[in-house]
Amino acid sequence: MKILVANLGSTSLKYRLFDCSGGEERMLTRGGFERVQEYSEAIDSCLDELKSGGWISDESELAAVGFKPILAKGITGCVLMDEAVLAAMEECNCIAPAHNPPYVEGVRKFAGRMPETPMIGLFETAFYQWAPEEAMRYAVPEQWYEMGVRRWGYHGASHKFIAERSAELLGRDDVAARSRTLYVNNGGAELRGTDLRVISCHLGGSSSITGILNGAGIGNSLGMSPQSGLPHNNRVGDLDSFAVPFIMRRTGCDVAEVERMLCKESGLKGLSGGFNDLRDVLERAAHGDARAQLAFRVLVHHARHWIGAFLAELNGADAIVFTAGIGENNPQVRDAVCRGLDQLGVKLDADANSIATGIERKISAADSPVQAWVIPTNEELVIAREAKRFLECRSGT
Ligand code: ADP
């Protein structure tokens, strides 16, 4: 069973082709196109590459195309991306303006090009379907809540990968197996008496931290939009809601300009004075730049804040996992985030931490009650897996 996973950016299309036949899970090839003006051309080029590379002889060989959409009104989980779902996504365009419009357009183009092939989307919100209601509500009037003003949580595919993989690494194949069936059987998150508690730190251009109980998300630092929680590369993270009307009144900026500032000029970039890549921030910090040093400290502070929140919710943790661009590659951040947590059971092994870059590795000391791990994430694989489960469930196999 060959499944193409397509990641659609506003001007890019990246793809990976997986063979998910039988018990196998193999990435066959990957590729991508930047500066995409017209999705139809990029889709044609993608299919041409798959054919000329000998990966498929014809697009009918693709069992499905899988996507990682963000948010749709009233819809989550792993679903067939039909017109009703796309329309529900369009209703959320203003919550996810950088994500929803390109996805809707791209899926429509794929569907038009391959009308017989199922288009399957795993919503980034899906991992939090079973999170307790109190973790996902803001204290706003009911009418606003009904309009969608609530915490949704994102990075679901990445945190789901960590949920499954960390369970395997901790010797809990029962939890990994349970986590794998979550979306298909809508089974809920209970697995009483065998609790496994994991805190997953996805630190990258966009960052989020999530608590995982028995393979299911119990909450996420990202909120109604993917702009909240930790500071991101150039996006704001958590902010007192009263700051927005205050800035608008003080500066005369309109909504569009405030939105632009929050999404393009804030986060690490805003704090550091223009540097949105943490590598640049750290280089400047090492040369004594006070703003860059502050940007680093703010990121670490927020990460610890959210880890603390989930330590309380989970009554401790069996493991803390670092993933994504920063989490996988930067020992300095991991060290700063875990520093002084020995009373909470977290002790890093400095040597293991310093050499763990981009590889799966345990980085906690042998006597650390809470294990710490670096686990490279694989969101595309999660999408391929869920698309396969969706198809099997639909055909009753
Ligand atoms: P996203 O898809 O959210 O952009 P990634 O998980 O690919 O994120 O992370 C990319 C980010 O990771 C880059 O913007 C860069 O800031 C950061 N990054 C990558 N390698 C390192 C490193 N060695 N040290 C610090 N930051 C890094």
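Going by this note's numbering, the first residue of the sequence shown is number 674, and it counts up by one from there. Heads up, the beta-carbon is just placed ideally off N, CA and C, and yes, glycines get one too.
| Can you tell me whether leucine 895 is buried or exposed, with buried defined as 16 or more other CB within 10 angstroms of its CB? | buried
| query | Should the segment 1027 to 1047 be regarded as contacting the segment 1001 to 1016, the criterion being three or more beta carbon pairs within less than 8 angstroms? | reply | At 8 angstroms Cβ cutoff, the stretches touch.
| message | Can you tell me whether tyrosine 801 is buried or exposed? The criterion is at least 16 other CB atoms within 10 Å of its CB, across all chains shown. | response | buried
| said: I'd like to confirm the pairing. Which residues does DSSP put opposite arginine 699 in its beta bridges? | reply: Asp692
| Identify the residues that DSSP records as bridge partners of alanine 982: which are they? | Bridge partners of alanine 982: none, in fact.
| task | Would you kindly check if the distance between the Cβ of alanine 760 and the Cβ of histidine 875 is under 8 angstroms? | result | Alanine 760 sits away from histidine 875, with the two beta carbons spaced by 8 angstroms or more.
| said: Just verifying my parser: in three-state terms, what is the DSSP assignment at glycine 940? | reply: In this structure, DSSP gives glycine 940 a helical state, which the three-state scheme calls helix.
| said: DSSP three-state label for isoleucine 920, please. | reply: helix
| With distances taken from CA atoms, which of Cys693, Asp717, Glu697 and Ala992 is nearest glycine 704? | Asp717
| request: Please report how far the alpha carbon of arginine 851 lies from the alpha carbon of phenylalanine 983, in whole angstroms. | output: Rounded to whole angstroms, arginine 851 to phenylalanine 983 spans 21 angstroms at the Cα level.
| query | Is leucine 951 near ligand 1, going by C-beta to nearest heavy atom under 7 angstroms? | reply | Leucine 951 has its CB nearer than 7 angstroms to a heavy atom of ligand 1.
| Where glutamate 756 falls, given that 16 or more other Cβ within 10 Å makes a residue buried | exposed
| Segment contact, 8 angstroms Cβ cut-off, at least three pairs: the segment 937 to 955 with the segment 833 to 851 | no
| Is there at least one non-hydrogen atom of ligand 1 closer than 7 angstroms to the beta-carbon of glutamate 696? | Sequence check: residue 696 is glycine here, not glutamate. Not so, every heavy atom of ligand 1 lies at least 7 angstroms from the Cβ.
| task | Pull up the distance between the alpha-carbon of asparagine 859 and that of aspartate 721, whole angstroms please. | result | Per-residue confidence for asparagine 859 stands at a pLDDT of 49, beneath the threshold of 50, marking its modelled position as unreliable; no derived number is given.
| So is the beta-carbon of alanine 830 under 7 angstroms away from any non-hydrogen atom of ligand 1? | no
| task | Could you check what DSSP says for alanine 958 in three-state terms: helix, strand or coil? | result | Helix, per DSSP.
| query | Which runs of the beta strand (DSSP E), 3 residues or longer, sit entirely within the segment 776 to 800? | reply | Along the length of the segment 776 to 800, whole beta strand (DSSP E) runs at least 3 residues long occupy 792 to 795, reported in chain order.
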